[in-house]
Structures are given as structure tokens and as C-alpha cells.
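Mind the numbering: the sequence shown is residues 1 to 299 in UniProt numbering, read in order.
Reading through the C-alpha cells given below for one structure.
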Amino acid sequence: MTTASDKTTDSILDGTWENQDPKARIRAIEELDSSDSAAQASLVQIATTDETDEVRCCAIMRLSGLDELKKLQNEKSPIKDSALQQSYRIIAGTSASGLSEEQSLSQLTDMSLPALKQISLITKSKTIGSSAVSKIELPEDLADLSLFAASVHVRKSAALKIEDPALLAEIREKVRNKDKTVFKVIDQRLSLNETPAAPTEVPVTKPDQDKQDIEASNTEKAPEPAAEQEHKQEEEKEKETTKPKPAAKPPLVPEKELPVIEQELPKLNYKKTERLYEIRSILNKLLSNAEAMGEELSA
1 MTTASDKTTD SILDGTWENQ DPKARIRAIE ELDSSDSAAQ ASLVQIATTD ETDEVRCCAI
61 MRLSGLDELK KLQNEKSPIK DSALQQSYRI IAGTSASGLS EEQSLSQLTD MSLPALKQIS
121 LITKSKTIGS SAVSKIELPE DLADLSLFAA SVHVRKSAAL KIEDPALLAE IREKVRNKDK
181 TVFKVIDQRL SLNETPAAPT EVPVTKPDQD KQDIEASNTE KAPEPAAEQE HKQEEEKEKE
241 TTKPKPAAKP PLVPEKELPV IEQELPKLNY KKTERLYEIR SILNKLLSNA EAMGEELSA
């Protein structure tokens, strides 16, 4: 028996499909019931074979299967980028699919850091967000998450992982009167660091006890020679300097970043949430760098 959705799917891919205006094809795709298996098969065919990239990208954003999206990631941009972003949305739980939360968590295991960051930015799942943030260590990425993540839990978790007091202070000022939760978390952490240590009480001892303490101290082991102490200190310094540190990201160059963003903006729309978040982060960093340079010049 043919269902209503089957009829809709069949009518979309009839002999006149390629002759229709691209905007008409996009409207037809948006009217499809993407939860229907027959509709998904049609979307895969459109995403793979349509002559217009805009139509293909529209179909990709309605796909719900990670396997099909993985195949499309082997193509050139913008098809590759659209397939990648839709995969992130499915794993993050923001796009309808049959993927369970446990399956999403298993997908995070082998993902790259940029992918983990994008999923952390858009997910609203506490479990998925916590798992993704736990794998991110770079302070710059954690700062972006604490400022721009869609989930307040992700923003809070990222702020708790940042150790640099100067960076925490900078974020605190940016979220003041904007994000009460993150502001409170950072303000409490900085207040603890600024609290002076309480004075230690000197114990009162009796004369007999003083005598016993002096005698006991005389029997203690003699201090190590100065040469041995210096040797140990040098070894400890060498160990500290050889510890691997996370590689710092290269500074952003306005002359390089702004033309790329300017060329990309006409192609963006409200559906490309992750890239919009990333562009906003880049612009905020460039603005902060410009303000810092202005303060240095005026000093």
C-alpha cells in the first residue's frame, strides 16, 4: 500500500525534477517528512546527484544517517562541509535521528578536537556536553565554550577547567550582567585565590618541653651538603621544563581572517550555526587584540 509520504517522495523525483527551479526543489525538500524511510532514500539521491550545490546541501541537512553523511564527506566543499556539520548536529542531539545518547557518546571517542568543540558549542544534552568538554584542554577553546556554548552546563564545565587567573578575569568581565551562572562560578574561584591565608598560631610550650625539643633536634640527621641540594634542585627544574605543554594556537591575523570571513558570509545562513559561532569567536578575539593594541599605544 502506498502511503501519503511515498506519493510525495515519488512525485518529487519524477521526470520534471531537474527541470524545476532550484528554489522550487528546495521548497519540495523542506516539505518532505524526513522521518520516513522512503523520504530518506530520496534525500540521499538528491544529496548525491543534484546538479545544484544549494539543493544538495539542503537535502544533506535533512539526512539522519551517519553512514550516508560519512560518504558525502569525501566530496568537495560545500558538500563536504554540509555533511560534516549535519553529522555534528546528529551526534549533539540537535537534529532528529534514530541515534541514542549512548551511541552519540561512543561517537565522541575518536573525534578530533575541532569536532568535539563544535559539538560542545551546539549540544543541549548535559551528558553529551560533559563528555565532550572533558576531552578539551586548550585554554582558548575552553574560553570560547564558556562564552558561546548553547548549554549553560557546558559553559559552566568549561569555566571550571580553566586555570589561568588572567583568562578567568577576562571572561568574568565579558559575562558580567549576561551570564549569571558562569559569572558566579568564575567570581567564586577568583575570590578564593585572592583570600589571604589565615595566620598560624604559635603553640605555647613549657620549659621542660623546650628542653626536650632541643635535645631531639640535636639528634636529627645532619643537613645534606649544599652541592647535593643544588644538584637535586637542578634535576627538579629539568623535569619541570621537559613536561609537555599543550601547543598554543598561532595568533589571529586580521589581514588573513577578515577577507576569508567576508567571502564566506554571503554563503552562510541561519542553519550553519556552528560556523557562525566560530566566526563570532574569531571576530571577538580580533576585537580584543585591537583594544589591547590601542591601550598599549595610548600608554
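Ideal Cβ placement from N, Cα and C applies to all residues, glycine included.
This structure is a prediction, so every number in the text was calculated from the model and none was measured.
### Query
What is the rounded straight-line gap between the Cα of Gln103 and the Cα of Glu291?
44 Å
### Query
What is the DSSP secondary structure of Val253, reduced to helix, strand or coil?
coil
### Query
Quick one: Cα of Ser95 to Cα of Ile122, how far?
11 Å
### Task
Specify the secondary structure class of Leu72 as computed by DSSP and reduced to three states.
helix
### Task
List the endpoints of the continuous alpha helix (DSSP H) containing Lys178.
Per DSSP, Lys178 belongs to no alpha helix (DSSP H) and is neither H nor E.
### Distance, Ala166 Cα to Ile141 Cα
According to the sequence shown, residue 141 is Asp rather than Ile. Approximately 15 Å between the Cα atoms of the pair.
### Query
So, helix, strand or coil for Gln188, using DSSP?
helix
### Query
Given that a residue counts as buried once 16 or more other Cβ atoms are within 10 Å of its Cβ, and exposed if not, what is Met61?
buried
#### Entry: CA-to-CA distance, Ser87 to Ser120, given in whole angstroms
13 Å
### Local conformation of Gln149 per DSSP, three classes
In the sequence as displayed, the identity of residue 149 is Ala instead of Gln. Coil at Ala149, not helix or strand.
### Message
Between Val44, Gln107, Lys124, Ile186, which has its C-alpha nearest Lys135's C-alpha?
### Response
Gln107
### Task
Please name the residue in Lys178, Val175, Arg176, Glu163 whose C-alpha comes closest to that of Leu190.
Glu163
### Query
Measuring CA to CA, which of Ser151, Ser35, Pro254, Glu68 is closest to Asp179?
Ser151
### Message
For Arg155 and Met111, what's the separation of their Cα atoms in angstroms?
### Response
20 Å
### Query
Between the Cα of Ile91 and the Cα atoms of Leu72, Ser288, Leu105, Ile79, which residue gives the shortest distance?
Leu105
### Message
If you measure between the beta carbons of Val175 and Leu145, is that distance less than 8 Å?
### Response
no
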